[in-house]
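This note's numbering applies: residue 325 is where the sequence shown begins, and numbers increase by one. Note that CB positions come from ideal geometry on N, CA and C, so glycine has one too.
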Amino acid sequence: MNVFRNIENYIPDSKCILTIGTFDGIHVGHQKIIKSIVKLARDKNLQATILTFFPHPRMVLQHDSNIKLIDTLDEKIKGLENLGVDNLIIHPFSKAFSRLTAQEFCRDILANQLQIDALFIGYDHRFGRNREATAEDLVTLGKTYNFNVHIIPAQDISSITVSSTKVRKAIAEGDFDCVTNFLGRYFELTGTVAKGQKLGRTIDFPTANLRIEENYKLIPPIGVYLVSVEHNKQKLFGMMNIGTRPTVNGEHETLEVHLFDFNENLYDQKLRVLFLAKIRDEEKFESLSALKIQLKKDKEICKRSLIKKGLH
Numbered sequence: 325m326n327v328f329r330n331i332e333n334y335i336p337d338s339k340c341i342l343t344i345g346t347f348d349g350i351h352v353g354h355q356k357i358i359k360s361i362v363k364l365a366r367d368k369n370l371q372a373t374i375l376t377f378f379p380h381p382r383m384v385l386q387h388d389s390n391i392k393l394i395d396t397l398d399e400k401i402k403g404l405e406n407l408g409v410d411n412l413i414i415h416p417f418s419k420a421f422s423r424l425t426a427q428e429f430c431r432d433i434l435a436n437q438l439q440i441d442a443l444f445i446g447y448d449h450r451f452g453r454n455r456e457a458t459a460e461d462l463v464t465l466g467k468t469y470n471f472n473v474h475i476i477p478a479q480d481i482s483s484i485t486v487s488s489t490k491v492r493k494a495i496a497e498g499d500f501d502c503v504t505n506f507l508g509r510y511f512e513l514t515g516t517v518a519k520g521q522k523l524g525r526t527i528d529f530p531t532a533n534l535r536i537e538e539n540y541k542l543i544p545p546i547g548v549y550l551v552s553v554e555h556n557k558q559k560l561f562g563m564m565n566i567g568t569r570p571t572v573n574g575e576h577e578t579l580e581v582h583l584f585d586f587n588e589n590l591y592d593q594k595l596r597v598l599f600l601a602k603i604r605d606e607e608k609f610e611s612l613s614a615l616k617i618q619l620k621k622d623k624e625i626c627k628r629s630l631i632k633k634g635l636h
């Protein structure tokens, strides 16, 4: 897959089938749209192309710096490549870009720059300055600038009862069976192992402290989770604690993963963590000994869950 960091960097050598969106999470609804453009592109011997934006438009237009995204940019790129997309254009979203009129967007961007053959959009898609134009307006403009518009009808979208908002809600509720169904894959975090206080070693539960670089990445709520971890193409299982470590009077939220049957130095290495299930909420214990007893129970619950899921 070719990745372009600006619309102007995309110089087409043929026409393309395009869809536009933020595609946060690339959930099963997104996947249905993307598979449609990939199929049509293959049938017509054209390129399947996606136009997305970064930063998220809400961060720019609503100054919503608190919005958290299901996927980082790297995770999104990998997910779209796995779906067979030929070209991904990640355009820097700005207020100036948002002020393009619907006609300017169709003429200058879709027709002249991207040279699209067809565009797939949802029935409720709005675009152009102040979101002034509807999907029906786009059909009219498509006729003017010589590209077809495929509107995904309401019944198709409503039949897939998933949205990025619903995925975020399921993550917030710790319902990772639901999250996995919505995404068609496990929710993931990728981070670098940083040095911690090494308290886990003192109770025979050493942990890798994960540092997430992207401050816009959605982190599951405080609690203990069953996870699968990818490290150097090796698949491991473990449990992750997200929280402030109240038993030792911690003040900052940390992400700590204890790997089962593993005892290697991981400092400064990247780990990809996949969330399988929430085990419990974080608790404050009266002592490290009491915490150790609970962690042993958690580990047993995790191992039974892995057997139940057919993963171990």
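Residue i - containing alpha helix (DSSP H), residue span
| i | result |
| --- | --- |
| Val362 | Val352 to Asp367 |
| Gln618 | Leu612 to Lys632 |
| Thr468 | Ala459 to Tyr469 |
| Ala420 | Lys419 to Ser422 |
| Cys502 | Phe500 to Leu507 |
| Ile495 | Ser488 to Ala496 |
Near the ligand GTP: residue i beta-carbon under 7 Å from a heavy atom
| i | result |
| --- | --- |
| Ile495 | With respect to the ligand GTP, the structure offers nothing, as it holds no ligand at all. |
Residue span of the beta strand (DSSP E) that contains residue i, given as start and end
| i | result |
| --- | --- |
| Met383 | Taken as a continuous stretch (DSSP letters only), Met383 belongs to no beta strand (DSSP E), being part of the alpha helix (DSSP H) at Pro381 to Leu385. |
| Asp441 | Ile440 to Gly446 |
| Ser552 | Gly547 to His555 |
| Arg596 | Lys594 to Arg604 |
| Val517 | Phe511 to Ala518 |
| Val327 | Asn326 to Phe328 |
Buried/exposed call for residue i, threshold 16 Cβ in 10 Å
| i | result |
| --- | --- |
| Tyr591 | exposed |
| Lys602 | buried |
| Ile445 | buried |
| Gln558 | exposed |
| Ala614 | exposed |
| Pro477 | exposed |
| Gly452 | buried |
Of the listed residues the options, nearest to residue i (C-alpha basis)
| i | options | result |
| --- | --- | --- |
| Ile344 | Asn390, Asn411 and Met383 | Asn411 |
| Gly547 | Glu537, Ala496, Lys621 and Ile358 | Ala496 |
| Glu538 | Asp398, Gln386 and Leu342 | Asp398 |
| Thr578 | Ser611, Ile536, Tyr540 and Thr346 | Ile536 |
| Leu465 | Lys608, Gln427, Pro544 and Thr568 | Gln427 |
| Thr468 | Ala372, Glu456 and Leu434 | Leu434 |
| Ser422 | Arg450, Asn436, Asp395 and Val409 | Arg450 |
| Tyr334 | Ile413, Gly634, Gln618 and Asp367 | Ile413 |
| Phe599 | Leu404, Thr346, Asn565 and Asn556 | Asn565 |
| Ile391 | Cys340, Ala365, Leu542 and Gly634 | Leu542 |
| Asn556 | Glu607, Thr568, Glu588 and Lys616 | Glu588 |
| Asn369 | Phe347, Gln386 and Asp337 | Asp337 |
DSSP state of residue i mapped onto helix, strand, coil
| i | result |
| --- | --- |
| Gln558 | strand |
| Gln371 | strand |
| Val581 | strand |
| Thr531 | coil |
| Ile391 | coil |
| Asn565 | strand |
| Leu404 | helix |
| Val473 | strand |
| Lys608 | coil |
| Asn436 | helix |
| Leu590 | coil |
| Phe378 | coil |
| Ile341 | strand |
Contact belief for residue i with residue j at Cβ below 8 Å, rounded distance in angstroms
| i | j | result |
| --- | --- | --- |
| Leu407 | Val362 | 7 Å |
| Leu443 | Val473 | 5 Å |
| Phe561 | Leu630 | 6 Å |
| Leu375 | Leu342 | 6 Å |
| His515 | Leu595 | According to the sequence displayed, residue 515 carries Gly and not His. Confirmed, Cβ separation roughly 6 Å. |
| Phe377 | Phe417 | 4 Å |
| Val517 | Ile394 | Actually they do not touch by this definition, with Cβ atoms about 23 Å apart. |
| Cys626 | Leu550 | 5 Å |
| Asp441 | Lys359 | Asp441 to Lys359, Cβ: 17 Å. No contact. |
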